[in-house]
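As given, the protein sequences belong to chains F and Y, one line each in that order.
Every letter in the first sequence is one number past the one before it in full-length UniProt numbering, and letter 54, counting from 1, is 54.
Every letter in the second sequence is one number past the one before it in full-length UniProt numbering, and letter 5, counting from 1, is 5.
Backbone N, C-alpha and C define an ideal beta-carbon position, used for all residues, glycine too.
Remember, it's a predicted structure, so these values are computed and weren't measured experimentally.
Number of protein chains: 2
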Amino acid sequence: MSRPSSTGPSANKPCSKPPPPPQTPHAPSPAAPPAAATISAAGPGSSAVPAAAAVISGPGAGGGAGPYATTGCSLTLHHTEKPEHEDICEYRPYSCPCPGASCKWQGSLEAVMSHLMHAHKSITTLQGEDIVFLATDINLPGAVDWVMMQSCFGHHFMLVLEKQEKYEGHQQFFAIVLLIGTRKQAENFAYRLELNGNRRRLTWEATPRSIHDGVAAAIMNSDCLVFDTAIAHLFADNGNLGINVTISTCCQ
Amino acid sequence: MSRPSSTGPSANKPCSKPPPPPQTPHAPSPAAPPAAATISAAGPGSSAVPAAAAVISGPGAGGGAGPYATTGCSLTLHHTEKPEHEDICEYRPYSCPCPGASCKWQGSLEAVMSHLMHAHKSITTLQGEDIVFLATDINLPGAVDWVMMQSCFGHHFMLVLEKQEKYEGHQQFFAIVLLIGTRKQAENFAYRLELNGNRRRLTWEATPRSIHDGVAAAIMNSDCLVFDTAIAHLFADNGNLGINVTISTCCQ
């Protein structure tokens, strides 16, 4: 994975105070002018410390409790039902949400943010519902990821822009928002990604994914903002691409 | 080119009265509920009648008047400047705007609508600024075009959805709005294409292309709404894809 430098202009300095504690919903903060940050690629997690890795037992033979019984799952299933359940079990440990497979950390949801802050210090965090995710050097060759965090509504969201060649000879960009939270919590939010150019605008609106699901399936299904290098060039400025990101709560 | 049948549901019957005369701007009509039509592919122009083909002289040798002098161009250019000018000369005859190369008709801008009405009778026209372009059978294999006309603001717009394999093994859809008018007239409008699905929305906003420019260059540069078959399936209902199309005037 290449690692672009983080040299673009910044409309506001990334906030340096610690983000609010996760999982504590509060009233939406008043709308503020969008903040912006330049984003470097997610670095390999060479210093990842499994500070709070969950105890994971091996899969049991036959029927009975699943492998995540020790972390809280109380379901008893026939062994044929287990593989399907294990994929969606909410007690399955959370993997490090950084894109790319370099960081092998796993742990509880509550430990994810402290893992990111300790092992992936280079990830910028911006506060607010409406920010600019500025990916620098989008012309870097090969597969590249840009990652940043956005904090609002008492939650942390991970913004990911991934460039990869899903089809040979055809590089595409995939942009998506993940909630550092459960699938059920993610349902309470909506996000909008917007590229703005010269009399052109491309917008994708959807529900954030939980980091429990990760980005791979969404990219496989194109269930995110997808655009090719030609579109990226229509919207980029000097090799840097600004994506307006807006998070909102939704009432269901 | 395959030719999908036009069998989908229709929210409103396509308007059967003749569209307003082109090139006669009038006040925007009041907003009305979006109309919808099922759209068949553009048929091959086997019955195309060059009713008003312009007189086209051959390119002259050396300097002097260009090939479109007889149709109104008064420029005198050196022969090295001619090829470049000929591509953008507004007196260059208009080709039939139907996608696909089957119809060879050429003529003046004023003759385009009468050509379409006589030679491409199967193209549906809907009145209004805000309509639904319902493309049926989007799963048809191979390269397919869906075409319809939208009339508003005293102008005719051609809506095109094209499925093609720009990159081998990777089918993509390209949707775009063309003005039956000059490049200069097109600058006065903006269009929005919107796919709406289950808690997802994909939107493209841009300036219509003039039919003088055609769709090929826009598709080549991805300067249109581009999405792959996976995204099409996220938004399609039973193989039919509804695209909300909104045209607006813009003040510059």
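The C-alpha of Glu168/F lies about 14 Å from the C-alpha of Met220/F.
Taken in chain order, the members of the region 196-217 of chain F whose beta-carbon sits within less than 7 Å of a beta-carbon on chain Y are Arg199, Arg200, Arg201, Leu202, Thr203, Trp204, Glu205, Ala206, Thr207. Taking CB atoms only, Ala186/F has no neighbour in chain Y less than 7 Å away. At a cut-off of 7 Å between beta carbons, Ala143/Y makes no contact with chain F. Arg199/Y sits exposed, since fewer than 16 C-beta atoms from the chains shown fall within 10 Å of its C-beta. In the structure shown, Leu140/F falls within a coil segment according to DSSP collapsed to helix, strand and coil. Check the Cα spacing between Asn139/F and each of Lys166/F, Glu129/F, Glu110/F, Gln171/F: the tightest is with Gln171/F. Per the coordinates, the alpha-carbon of Ser95/Y lies some 8 Å from the alpha-carbon of Ile211/Y. Counting along the chain, no alpha helix (DSSP H) covers Glu165/F; the unbroken beta strand (DSSP E) around it starts and ends at 155-167. A direct Cα-to-Cα measurement between Gly197/Y and Trp146/Y gives close to 20 Å. Interface with chain F (7 Å Cβ-Cβ cutoff): His170/Y is included.
Of the residues assessed, His78/Y falls on the exposed side of the cut-off, its CB having fewer than 16 other CB atoms within 10 angstroms. For Ser222/Y, the neighbours in chain F by C-beta distance under 7 Å run, in chain order, Asp228, Ala230, Ile231. Ranking Leu159/Y, Lys163/Y, Ala218/Y, Pro93/Y by CA distance to the CA of Tyr191/Y puts Leu159/Y first. Chain-ordered, the chain F residues with CB closer than 7 Å to the CB of Tyr167/Y read Tyr167, Gly169, His170.
Around Leu234/Y, the beta-carbon contacts reaching into chain F at under 9 Å are Asn221, Ser222, Asp223. Taking a contact as a CB-CB distance under 8 Å, the pair Phe174/F and Val226/F counts as one, their CB atoms being some 6 Å apart. Nearest in C-alpha terms to Gln164/Y, of all of Trp204/Y, Val144/Y, Glu81/Y, is Val144/Y. Excluding its 5 nearest sequence neighbours in each direction, Pro208/Y has C-beta neighbours in its own chain below 7 Å: Phe157, Val177, Leu178, Leu179, Ala186, Phe189, Tyr191, listed in chain order. Counting only runs of 4+ residues, the alpha helix (DSSP H) found wholly inside the region 161-207 of chain F occupies 183-186, in chain order. The shortest CA-to-CA distance from Ala232/F to any of Glu162/F, Ala218/F, Ala217/F is the one to Glu162/F. Contact between Thr124/F and Met148/F holds: CB atoms are separated by about 5 Å, below the 8 Å threshold.
According to the DSSP assignment, Ile211/F belongs to no alpha helix (DSSP H), since it is labelled neither H nor E. In the DSSP annotation of this structure, the continuous segment of the alpha helix (DSSP H) that includes Ile231/Y starts and ends at 229-235.
Going by C-alpha positions, Asn240/Y is about 51 Å away from Thr76/Y.
Beta bridge pairing from DSSP links Gly107/Y with Tyr94/Y. When rounded, the separation of the alpha-carbon atoms in Asp228/F and His118/F is 34 Å. Per the coordinates, the alpha-carbon of Leu193/F lies some 42 Å from the alpha-carbon of Ser108/Y. Sequence-distant Cβ neighbours of Lys166/Y in its own chain, meaning closer than 7 Å and more than five residues away, are Gln172. Residue burial annotation: Asp237/F is exposed, with fewer than 16 other C-beta atoms found within 10 angstroms of its C-beta. In this structure Ser248/F is not in contact with Glu81/F, their Cβ atoms being roughly 37 Å apart against a cut-off of 8 Å. In the DSSP assignment, Ile123/Y falls outside any alpha helix (DSSP H) and carries neither an H nor an E. The three-state secondary structure of Ser248/Y, taken from DSSP, is strand. Taking each of Gln106/F, Gly154/F, Asn244/F, Ala206/F in turn and checking the Cα distance to Phe235/Y, the smallest one comes out for Ala206/F.
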